[in-house]
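Have a look at the structure below before the remarks.
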Amino acid sequence: MRSYASIVRFLEEAIGLDPESIGVKALEHAVSSLAERSRIPDCRRYLETLKHSHADLQQLIDAVVVPETWFFRDSEPFVFLREQVQSSGLAIASAAPLRILSVACSSGEEPYSIVMALQEEGLSPQQFHIDAVDVSKKAIEKARQALYGKGSFRNGSMPYQSRYFSNTGHGFKLDTAVSTLVHFSIDNLLSDHFLADRTPYQVIFCRNVLIYLSRKARSRVVAHLDRLLAMDGLLFAGHAEVPFFQQAGYVPVEHPRSFACRKPGAVPQVKKKPAAHAALVKERASRSACGAVQQTEISPHLPLLKREEAAPSARKHKGKAPPPESTSAASLITAVRTRADQGLFAEASALAEQYLREHGADAEIYCLMGLIQQARNCPEPAEDYFLKALYLDPSYYDVLIHLSLLCEHRGDTARAALFQQRAQRLQARRT
Ligand SMILES: C[S@@+](CC[C@H](N)C(=O)[O-])C[C@H]1O[C@@H](n2cnc3c(N)ncnc32)[C@H](O)[C@@H]1O
């Protein structure tokens with residue numbers, strides 16, 4: 074086979090895959106080895122086969138998607154979800170179950186993490202309904218098996234591992250009390266009728282898939298998700314993906330690093346804790362004292378400190394933000410992030426400048442300054458800041474992704490691909 078361009082375009086139309094996101098060479102390699110395996114060495118004939126044979130197309134899709142995922146990925150989205158349940162920010166008391174969608178769920182680690190988070194909050198199976206969808210048949214089959222290797226447990230999800238999984242000797246099998254609560258299906262976010270028959274969801278997780286899609290595909294996906302999300306719903310994106318929703322008017326929530334946002338005009342429901350909830354909170358607090366459960370008693374209105382960093386003195390400020398001039402490098406960084414998440418860009422920038430004056434150059438601060446400029450629609454200064462961050466920390470994954478997206482936006486696909494490849498090499502070294 075000589076020219077793959079038509080097949081690459083066909084895949085882009087079919088599932089929205091941006092060939093640059095995984096590297097054209099890798100894509101060509103997948104195409105040629107599958108075509109050879111099907112004994113169709115001619116490009117045009119292979120394309121025809123893909124158009125008419127669902128099985129062949131599915132095989133190619135399975136080969137080219139990036140299924141990378143793990144339990145409690147990024148952790149804060151799940152902390153924020155639990156807080157929302159705890160504060161009745163989600164309408165759990167009502168008769169209808171809480172509807173949650175995990176789309177681009179890959180091999181199931183994400184929706185199962187949601188189940189575990191809700192169970193940790195004391196919700197019964199009748200109180201929620203979780204749908205999980207992915208375009209990859211292979212990933213959905215693995216999800217249904219619910220048998221996982223070590224790679225699925227990173228970032229401190231180990232307490233859950235011993236509580237919810239049994240070691241079979243050839244992997245960790247998830248308890249059926251969790252695995253039976255997720256309704257998996259194979260579907261394509263790019264299809265015109267994507268989940269057309271569903272009533273809206275209060276929570277949608279759609280993380281780490283938009284970064285692999287073309288610009289055109291991304292706007293179709295955002296439109297689908299907007300239709301599927303209830304007016305007061307929460308949408309969880311990947312860490313580099315919130316700007317795609319901001320472009321559609323979505324507003325990031327206050328909780329740092331949750332990468333969640335709400336529809337324009339949505340008013341968060343924060344009701345008083347119901348009386349019955351008090352016992353649960355108390356029970357959780359006592360369990361957390363022996364280290365079995367993450368601490369969940371810190372107010373959701375304490376946005377300036379990540380919960381694991383929350384020092385006793387900070388807790389005194391329950392209900393309001395600690396003063397920005399307070400101190401340590403870590404709390405200043407968190408303050409910059411929070412102000413930026415709230416859309417208070419001038420304040421965030423001032424705090425970032427304060428950081429540089431007091432603590433000197435820092436990759437994370439430059440990255441945040443880049444994000445602020447990006448949110449203000451100023452791509453050039455954004456790029457300058459990202460480059461400064463990368464100069465200080467050449468293995469800063471997020472920055473590589475942001476730079477790649479910025480280059481792509483201004484049509485510099487070659488440079489975008491270079492940053493993307495660096496990010497991929499970095500990820501490959503880490504896994
Ligand atoms: C990197 S994984 C993300 C998994 C999980 N959401 C997470 O953040 O850990 C990306 C997933 O997106 C899926 N995907 C890619 N294109 C898709 C499409 N058009 N429709 C549905 N899923 C898609 C892939 O099959 C893959 O499993």
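Just so we're aligned, residue 74 is where the sequence shown starts under this note's numbering, counting upward by one. For each residue, glycine too, the CB sits at the ideal point set by N, CA and C.
| Check | Outcome |
| --- | --- |
| Does residue 464 pass the burial test, meaning 16 or more other C-beta atoms within 10 Å, or should it be called exposed? | exposed |
| Beta-carbon within less than 7 Å of residue 288's beta-carbon, same chain only, minus the 5 sequence neighbours each way: which residues are those? | none |
| Tell me whether residue 337 sits in a helix, a strand or coil according to DSSP, three-state version. | coil |
| Tell me the rounded alpha-carbon separation between residue 432 and residue 128. | 57 Å |
| Please report the straight-line C-alpha distance between residue 300 and residue 281, rounded to a whole angstrom. | 20 Å |
| Flag this pair as yes or no: are the beta carbons of residue 332 and residue 310 separated by less than 7 Å? | yes |
| Is there a Cβ of chain D sitting closer than 7 Å to that of residue 123, yes or no? | Absence of chain D from the displayed structure is noted, only one protein chain being present. |
| Which parts of the region 216–253 are runs of the alpha helix (DSSP H), unbroken and 4 residues or longer, counting only runs that do not cross its ends? | 231–237 and 249–252 |
| DSSP three-state call for residue 443: helix, strand or coil? | helix |
| Since I believe residue 208 is in contact with residue 147 (beta carbons under 8 Å), could you give me their beta-carbon distance rounded to a whole number of angstroms? | With 8 Å as the limit, residue 147 and residue 208 do not qualify as a contact, their Cβ atoms being about 22 Å apart. |
| Under 7 Å, do residue 179 and residue 142 count as touching if we go by C-beta distance? | yes |
| Would you call the region 196–216 and the region 130–139 in contact, with 3 or more CB pairs under 8 Å? | yes |
| At what residues does the alpha helix (DSSP H) containing residue 303 begin and finish? | Segment 302–309 is the beta strand (DSSP E) holding residue 303; no alpha helix (DSSP H) there. |
| State buried or exposed for residue 156, treating a residue as buried only when at least 16 other CB atoms are found within 10 Å of its CB. | buried |
| In whole angstroms, what is the alpha-carbon distance linking residue 256 and residue 266? | 19 Å |
| Shortest alpha-carbon distance to residue 84 belongs to which of 484, 134, 94 and 98? | 134 |
| DSSP state of residue 415, grouped into three classes? | coil |
| Output needed for residue 225: all residues of its chain with C-beta closer than 7 Å, excluding positions within five of it in sequence on either side, in chain order. | 143, 144 and 182 |
| If you measure between the beta carbons of residue 284 and residue 313, is that distance less than 7 Å? | yes |
| Would you report the Cα separation of residue 374 and residue 251, rounded to the nearest angstrom? | Below a pLDDT of 50, predicted positions are generally treated as unreliable, and residue 374, at 24, falls in that range; the measurement from the model is reported next regardless. So the two alpha carbons sit approximately 30 Å from each other. |
| May I have the straight-line CA-CA distance separating residue 26 from residue 315, to the nearest angstrom? | In this structure the chain extends from 74 to 504, so residue 26 is not present and cannot be described. |
| By the three-class DSSP mapping on this structure, what secondary structure does residue 150 have? | helix |
| Please determine whether the Cβ atom of residue 308 lies at a distance below 6 Å from any heavy atom of ligand 1. | no |
| Select from 467, 468, 439 and 502 the residue whose C-alpha is nearest the C-alpha of residue 454. | 439 |
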